[in-house]
Structures are given as C-alpha cells and as structure tokens.
Amino acid sequence: MAKFIHDGQELNYELHGDAAASAHTPVLMLHGNGEDMRIFGAVLALLPPQRCVILLDSRLHGGSRPLPGASLELHYDQMAGDGIALMEHLGIRSYDIVGFSDGGIIALLMAMRSIAVRRIITIGANTDPSGLTRRARAEMRRAAKQAKAEGDVRTAELQRLMLEEPHITRADLAGILADATIVLGRKDPFIDRKHSEAIADAIPHGSHLYVEGAEHGIPHSHPKALADIMNAVL
C-alpha cells in the first residue's frame, strides 16, 4: 500500500502492474460507501495479470485519513478531485474507471471533469438522491439517526452524503466524452431501474446492462460477472 497527500487527506492506494508496460489501459477501481478497496479482491483475481489496476480508498474510508485539522465533511466532488489528482500524481494520462455504488457516482463526476477518462463502468450508481428507492432512503435515515444518537460522526456523515448528494443533471451527463457502461443488478433493492437506465440514455456513448440474479453488491456476489464485463468493454 502507498500513501498520497491531497486536499488535507492522506489517501491510501495500491498499484498493481505497470501502467507503461501493460497492453491495456490502466483502470482505477473505486469502492462504495462505508467500504474500502478490499471489496474488489475477488474481481482482481479474475483479471488478466498483465492489466494495470489502481485501487483507492476514498477519503474517510479504509486506510485513508484526514490530516490534523482537516474537515470531516464528505462531498462526491471532493472524492472525484482525489481520484483525478492521484492519477496525475502517478503520471497516468489516460485511464478507465470501474466504480461501485458511491464509486460509480465518483466515476461519473471524474468523467465529467477530465478528458483523461477513456471508459467507465458504474455498478449500482445514482445521479441524484431521487434515484434511490424508498427502502434505501428509509434505511439511510434510520442509520443516520442511530449514528447521531450514538455520537458516531463518521457514519452519520456517510449517510448524510447519500441522502443529500449527488446532483448530476442530464446536461452534465450529456457532456461526458468517455464510453460508459451502466451496470445494475436485476434485483437491486436500492437503485430505481428507470433512473439507472436514464443515466445510460443521457450519456452520448452510454449503454445499460443488467446482471441477472444480482442485487446491489455485485463485486461481492458476482465477481466473475463484473470481471467478464471489464474484460469485454475495457
């Protein structure tokens, strides 16, 4: 594991393979809310060994830590900036992104901001809190209330983030130049299907794909399906 300092954060990342030597475009993999890079362990094992993969723990997740005095507030735009800064730090000028859940939101924001992003795959992502199902929002509100009552500042902030952000418009999506594969589990209980399909429809080079039998946690439950998608489109 390696560390990278950016915007008041010590960010934890791993680099697998050699970007310069790989025949494939390097791929940055971004985990979901409350998780860390380890969720991609089973997927990583199924990818070609020569592929260059960068794993990043989002701020306030995993091995990433705020520097003394840094704010504990979380915003997806900040996380997108972290990802862009890391790839610039590594000297990688063109790359793909695979983002799960919150990581998918970050992937969309990075593609909106940087022409270095070549292709993206999002899994179970939304572009607005309205894209979450009623069940998801209810569970998040309960978790936030409990965290506040227990004085768990981090968990409360993680729930607030999902309940209040992002706010990506169709016009924003229309400006994405990267090819985008929007993936959703056929049985995902947290993301509205029409919302997910609309994301792909709004991106000029967007396509939508369902993973049959899958719920939300595709990297955990269907690692081979995700690896197959990556090998097919990246």
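Under my numbering, residues 171 to 404 are what the sequence shown spells out, in order. We treat Cβ as the ideally placed atom computed from N, Cα and C, and that holds for glycine.
Taking the CB atoms as reference points, tell me whether residue i and residue j lie closer together than 7 Å.
i: GLY202; j: SER271; result: yes
i: ILE338; j: THR297; result: yes
i: ALA326; j: LYS318; result: yes
i: ILE373; j: ALA395; result: no
i: GLY269; j: ALA277; result: yes
i: ASP252; j: LEU302; result: no
i: VAL381; j: HIS390; result: no
i: HIS378; j: ASP358; result: no
i: ALA348; j: ARG288; result: yes
i: MET222; j: SER241; result: This sequence places Cys at residue 222; Met is not what is there. Taking 7 Å as the Cβ cut-off, CYS222 and SER241 do not qualify as a contacting pair.
i: LEU354; j: TYR265; result: no
i: ASP227; j: ASP247; result: no
i: LEU185; j: ILE224; result: yes
i: ILE200; j: GLY261; result: The displayed chain sequence assigns Leu, not Ile, to residue 200. No; because the gap between Cβ atoms is not below 7 Å, this pair is not in contact.
From what residue to what residue does the beta strand (DSSP E) around residue i run?
i: THR351; result: 349-355
i: SER377; result: 376-381
i: GLU205; result: It is not in any beta strand (DSSP E) - GLU205 carries neither H nor E in the DSSP assignment.
i: LEU226; result: 223-226
i: GLN179; result: 179-186
Considering only the alpha carbon of each residue, which of the options lies closest to residue i?
i: GLN316; options: ARG305, ALA306, GLN329, ARG304; result: GLN329
i: HIS259; options: SER234, GLY376, LYS173, ILE388; result: LYS173
i: SER284; options: HIS392, MET257, GLU334; result: MET257
i: ILE388; options: ILE262, ALA370, ILE291, GLY233; result: ILE291
i: PRO238; options: GLY178, ALA344, MET400; result: GLY178
i: ALA306; options: MET171, ASP362, LEU217, ASP206; result: ASP362
i: LEU216; options: ALA402, GLU243, ALA397, GLY274; result: ALA397
i: LEU343; options: VAL213, ASP371, PRO236, MET249; result: ASP371
i: PRO196; options: ILE369, ILE352, PRO219; result: PRO219
i: ALA384; options: MET400, GLU367, ARG356, LEU404; result: ARG356
i: ILE346; options: GLU320, LEU331, HIS375; result: HIS375
i: PRO236; options: ILE175, ALA250, ARG263, TYR183; result: ILE175
i: ASN401; options: HIS365, GLU367, ILE267, ILE275; result: ILE267
List the endpoints of the continuous alpha helix (DSSP H) containing residue i.
i: ASN401; result: 393-403
i: THR339; result: Taken as a continuous stretch (DSSP letters only), THR339 belongs to no alpha helix (DSSP H), as it is neither H nor E.
i: GLY211; result: 211-214
i: ILE175; result: Counting along the chain, ILE175 falls outside any alpha helix (DSSP H), though it belongs to the beta strand (DSSP E) covering 172-176.
i: ASP371; result: 363-372
i: GLN220; result: First-last for GLN220: undefined, no H or E at that position.
i: ARG324; result: 323-334
Below 8 Å on the Cβ atoms is my contact criterion, and I expect residue i with residue j to pass it. Report the Cβ-Cβ distance as a whole number of Å.
i: PHE360; j: GLY294; result: 7 Å
i: GLU335; j: HIS245; result: 7 Å
Would the C-beta of residue i count as close to the ligand COA, meaning under 6 Å from any of its heavy atoms?
i: ILE346; result: No copy of the ligand COA occurs in the structure displayed, which carries no ligand at all.
**Item:** Completely contained alpha helix (DSSP H) runs for the segment 243-306, where each covers 4 or more residues
**Value:** 246-259, 272-283
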